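The structure appears below as structure tokens.
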Amino acid sequence: MPEPLDALVERLKAAAEPSRLRLLAICSRGEWTVSELVRILGQSQPRVSRHLRILAEAGLLERLPEGSLAFYRRVREGAGAEFTRRLLQLLPAEDPRLAADRRRMEAVREERRRRVERWFDAHALAWDSERDLGVDGATVERVLLACLGPAPVRRLLDVGTGTGRMLELLAPRVAEGVGIDISHRMLEVARVRLDRAGLRHLRVQQADMYALPFADGHFDLITLHQVLHFADDPEAVLAEAARVLAPGGRLLVVDLARHSIEAFRRERRHRRLGFGEEEVRDWLRALGLESDEPRRLAGERLAVVIWCGRKPAPDAVWAVA
13 MPEPLDALVE RLKAAAEPSR LRLLAICSRG EWTVSELVRI LGQSQPRVSR HLRILAEAGL
73 LERLPEGSLA FYRRVREGAG AEFTRRLLQL LPAEDPRLAA DRRRMEAVRE ERRRRVERWF
133 DAHALAWDSE RDLGVDGATV ERVLLACLGP APVRRLLDVG TGTGRMLELL APRVAEGVGI
193 DISHRMLEVA RVRLDRAGLR HLRVQQADMY ALPFADGHFD LITLHQVLHF ADDPEAVLAE
253 AARVLAPGGR LLVVDLARHS IEAFRRERRH RRLGFGEEEV RDWLRALGLE SDEPRRLAGE
313 RLAVVIWCGR KPAPDAVWAV A
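Each residue of the sequence shown is one higher than the one before, starting from 13 at the first, in our numbering.
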């Protein structure tokens, strides 16, 4: 149904201001806190907050409160999403203000990633404790293996492999596998682990989870184990994983359920305080993956959720002799 005229006029009013157009362009490229948007726009916090409120009230931005922070991103569904998509297509890419915003945006994003990478390098030897957050890691692994079933896997990709524990766990089921991580120190530990176990069909390499160096549809199974909560743009990570997933392949995400332990941001460099079960499930479906019912494992203070998405296989075409 076409949007009512009055609603369209309100959206046009909300967007008809240079700073708000810039905010829409920035928030179409990930999730951002107010303080990050202040740095990118170079404006005061009250002014940026006012622009964000107007855009959110007009249904052009989503505000995602999470503990002491709130993240802003472009709306994904509904009339506001279509309006914003069309509006962004009209923005001149060569405009000097938009170009400067993109440079500052990438600088902020790179600073985030360097900060997390430094933490990973310093904590590589104790990294396996991350898998025990909330629920005993061995319990999570048993359920994960049950979700996969007994079918063998030709090619495995473990995104954010850390010390290579997922590669080691799945080694008996895969013909070949690769783990990627951005941290040199993590990869050093993973290589030693795989070498000691004699797992010659597995390897690790440095790579960015936002730009995987693999062809489309290359892997039959992709795992992200306790990785997504570090991502500054979780949807982009899932989209890149879905790109390299083969038709009929599975994408398995293991992460914390939404919680309120703010200390994890400071002590463990978590970007997100877990995820809602439907939140990740909606992302998988938006990427064209068929999603199973999430498996929730409750712990004393935290819960872990396992999501499984499948890329539909193309219908078989039978030739008639």
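Glycine residues also receive a C-beta, built at the ideal position from the N, C-alpha and C atoms. For clarity, every value in this text was computed on a predicted model and none was experimentally measured.
Kindly list the residues whose CB is nearer than 8 Å to the CB of G90, restricted to its own chain and excluding five residues on each side of it in sequence; keep chain order.
Here residue 90 refers to the residue found at position 78 when the sequence shown is read from its first residue. If we look at G90 and ignore the five residues flanking it on each side, its Cβ neighbours are G71.
Helix, strand or coil for E106, going by three-state DSSP, please let me know.
Residue numbering aside, residue 106 sits at position 94 when the sequence shown is read from its first letter. Three-state DSSP puts E106 in coil, outside helix and strand.
Is it buried or exposed for R98, if we count other Cβ within 10 angstroms and need 16 for buried?
On the sequence shown, position 86 is the one that residue 98 refers to. Exposed.
Which residue comes first and which comes last in the alpha helix (DSSP H) that contains P58?
By 1-based counting over the sequence shown, the position of residue 58 is 46. Element bounds for P58: 57–69.
With burial defined as no fewer than 16 other Cβ atoms inside 10 Å of the residue's Cβ, what is the status of A119: buried or exposed?
Position 107 of the sequence shown, counted from the first residue, corresponds to residue 119. Flag for A119 reads exposed.
Tell me which same chain residues have a C-beta within less than 8 Å of the C-beta of F287, skipping the five on either side of it?
Locating residue 287 in the sequence shown gives position 275, counting from the first residue. L240, H241, P246, D267, L268, A269, R270, V317.
Candidates L73, C39, G54, P306: which alpha carbon is nearest A26's?
Residue mapping note: residue 26 aligns to position 14 of the sequence shown, counting from 1. Cα-wise, what sits closest to A26 is L73.
With distances taken between CB atoms, is the gap from L168 to E188 smaller than 9 Å?
The residue labelled residue 168 in the question sits at position 156 within the sequence shown. The residue labelled residue 188 in the question sits at position 176 within the sequence shown. Yes, they are a contact pair.
Give the DSSP bridge partners of V186, in chain order.
What you label residue 186 is simply residue 174 of the sequence shown in a count that begins at 1. In DSSP, V186 forms a bridge with V165.
Nearest-angstrom Cα distance between V249 and L263?
For the purposes of this step, residue 249 is taken as residue 237 along the sequence shown, with counting starting at 1. For the purposes of this step, residue 263 is taken as residue 251 along the sequence shown, with counting starting at 1. Distance between the alpha carbons of V249 and L263: 12 Å.
Counting along the chain, where does the beta strand (DSSP E) carrying D267 start and finish?
Counted from its first residue, the sequence shown places residue 267 at position 255. 257–268 is the span of the beta strand (DSSP E), which, as asked, contains D267.
Under the rule that 16 or more other beta-carbon atoms within 10 Å means buried, what is S47, buried or exposed?
Taking the sequence shown and counting its residues from 1, one reaches residue 47 at position 35. S47 is exposed by the Cβ-count criterion.
Please look up how many angstroms separate the CB atoms of V171 and A253, rounded, as I've assumed it's under 8 Å.
Here residue 171 refers to the residue found at position 159 when the sequence shown is read from its first residue. Here residue 253 refers to the residue found at position 241 when the sequence shown is read from its first residue. About 6 Å; that satisfies the 8 Å criterion.
What residues match up with W44 in a beta bridge as DSSP calls it?
Working through the sequence shown from its first residue, we reach residue 44 at position 32. W44 pairs with Y84.
For D206, I'd like the list of residues in its chain whose CB is within less than 8 Å of its CB, leaving aside the five on either flank, ordered along the chain.
In the sequence shown, counting from the first residue as 1, residue 206 sits at position 194. This sequence places Leu at residue 206; Asp is not what is there. Around L206: G176, L179, E180, L214, R215, V216.
Give the C-beta separation of D244 and Q218 to the nearest angstrom, bearing in mind that I take them to be a contact with Cβ-Cβ under 8 Å.
Counted from its first residue, the sequence shown places residue 244 at position 232. Counted from its first residue, the sequence shown places residue 218 at position 206. Wrong, their Cβ atoms sit about 19 Å apart, outside the cutoff.
Which same chain residues end up closer than 7 Å to D220 when comparing Cβ atoms and leaving out the 5 residues on each side of it in sequence?
Within the sequence shown, the letter at position 208 stands for residue 220. Excluding residues within five positions, the ones whose Cβ falls inside 7 Å are I194.
Quick one: what's got a C-beta closer than 6 Å to L85's C-beta in the same chain, skipping five residues either side?
What you label residue 85 is simply residue 73 of the sequence shown in a count that begins at 1. Here residue 85 turns out to be Arg, not Leu, going by the sequence shown. Hits under 6 Å: C39, E43, E74.
Since I believe F231 is in contact with V256 (beta carbons under 8 Å), could you give me their beta-carbon distance rounded to a whole number of angstroms?
Taking the sequence shown and counting its residues from 1, the one referred to as residue 256 is at position 244. Taking the sequence shown and counting its residues from 1, the one referred to as residue 231 is at position 219. Yes, V256 and F231 are in contact; Cβ-Cβ is about 6 Å, under 8 Å.
List the endpoints of the continuous beta strand (DSSP E) containing L233.
If you number the sequence shown from 1, residue 233 lands on position 221. Taken as a continuous stretch (DSSP letters only), the beta strand (DSSP E) holding L233 covers 231–237.
When the distance is taken between beta carbons, is E274 closer than 9 Å to S80?
Taking the first residue of the sequence shown as position 1, residue 80 is located at position 68. Taking the first residue of the sequence shown as position 1, residue 274 is located at position 262. Yes; because the gap between Cβ atoms is below 9 Å, this pair is in contact.
In whole angstroms, what separates the C-alpha of R41 from that of G210?
Counting from 1 along the sequence shown, the entry for residue 41 is found at position 29. Counting from 1 along the sequence shown, the entry for residue 210 is found at position 198. If you take the alpha carbons of R41 and G210, they lie about 42 Å apart.
DSSP three-state label for G321, please.
Counted from its first residue, the sequence shown places residue 321 at position 309. Looking at G321 - three-state DSSP - the assignment turns out to be strand.
Taking the beta strand (DSSP E) that R212 belongs to, which residues open and close that run?
Taking the first residue of the sequence shown as 1, we reach residue 212 at position 200. Note, R212: premise wrong, no beta strand (DSSP E); not H, not E.
Measuring only the C-alpha atoms, how far is A315 from P108?
For the purposes of this step, residue 315 is taken as the residue at position 303 of the sequence shown. For the purposes of this step, residue 108 is taken as the residue at position 96 of the sequence shown. Answer to the nearest angstrom: the Cα atoms are 46 Å apart.
Starting from G191, follow its DSSP beta bridges and name the residues at the other end.
Start at 1 with the first residue of the sequence shown, and residue 191 comes out as number 179. According to DSSP, which records beta bridges pairwise, G191 is partnered with D170, V216.
Under a Cβ-count criterion, where at least 16 other Cβ atoms within 10 Å of its own Cβ denotes burial, should Q238 be classed as buried or exposed?
Counting from one through the sequence shown, the residue named residue 238 turns up at place 226. It counts as buried.
Less than 9 Å between the beta carbons of L35 and L67, yes or no?
Against the sequence shown, residue 35 aligns to sequence position 23. Against the sequence shown, residue 67 aligns to sequence position 55. Result yes, Cβ atoms of L35 and L67 sit closer than 9 Å.
Taking the straight line between their C-alpha atoms, what separation do you get for S61 and D113?
For this step, residue 61 is matched to residue 49 along the sequence shown. For this step, residue 113 is matched to residue 101 along the sequence shown. Computed Cα separation, rounded: 17 Å.
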